[in-house]
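Peer 1: In my numbering, the protein residues as written are 2 to 143.
Cβ atoms here follow ideal geometry from the backbone N, Cα and C, with glycine treated the same way.
Note that the structure is predicted; figures quoted are calculated from it, not measured.
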């Protein structure tokens, strides 16, 4: 099963370039214009055959911004890794994002190869973590 990446950004051209870059890496891609639409996409896919494996989000968006979106994501029963892509980064923002538990951060304008590498790295780490948790649950049940 292909990893499913959700891209949440209000800039259409950026959503398109990230989608194109990641599709060549073999990912299933969904897109949303803001956090509210992003949450809807997550809920639509959660019980299907391709739940979201990774979220890539901007911070400054109309409607539900990225910080509020991340707060809402943390309330979900399944934690999904998050990469933040923003052109408005500062040290305080980075500290807040790390405190919120994001998995990675990329500056705009971004290098698409760096995006591919970061996405692959985080998906691999999350997959390994989930596998260890599954084995641990299995050994406790035995």
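1) What are the boundary residues of the beta strand (DSSP E) that includes residue 29?
2) From the DSSP output, which residues share a beta bridge with residue 57?
3) How should residue 14 be labelled, buried or exposed, when 16 other C-beta atoms within 10 angstroms of its C-beta is the threshold for buried?
4) Since residue 54 and residue 4 are thought to touch, with beta carbons under 8 Å apart, how far apart are those beta carbons, to the nearest angstrom?
5) Whether or not the stretch 20-38 and the stretch 114-128 are in contact is what I'm after, with contact meaning three or more pairs of Cβ atoms, one per stretch, closer than 8 Å; do they touch?
6) Give a yes or no on contact between the stretch 52-67 and the stretch 29-40, applying the rule of three or more CB pairs nearer than 8 Å.
7) Compare the Cα-Cα distances from residue 80 to each of 35, 71, 116, 50 and report the closest residue.
8) Just to confirm the assignment: which complete alpha helix (DSSP H) runs, minimum length 4, are found wholly within the stretch 73-127?
9) Between residue 51 and the rest of its own chain, which residues show a CB-CB distance below 8 Å, the 5 nearest in sequence each way excluded?
10) On the three-state DSSP scale, how would you describe residue 20?
11) When you compare only the Cα positions, how much space is there between residue 116 and residue 22?
12) Alpha carbons only, please: which of 88, 97, 84, 96 is nearest the one belonging to residue 104?
Peer 2: The structure says:
1) 29-33
2) 8, 84
3) Counting Cβ neighbours within 10 Å, residue 14 comes out exposed, since fewer than 16 surround it.
4) 4 Å
5) The stretch 114-128 is in contact with the stretch 20-38.
6) yes
7) It is 71.
8) 92-100
9) 2, 3, 5, 29
10) helix
11) 8 Å
12) 84
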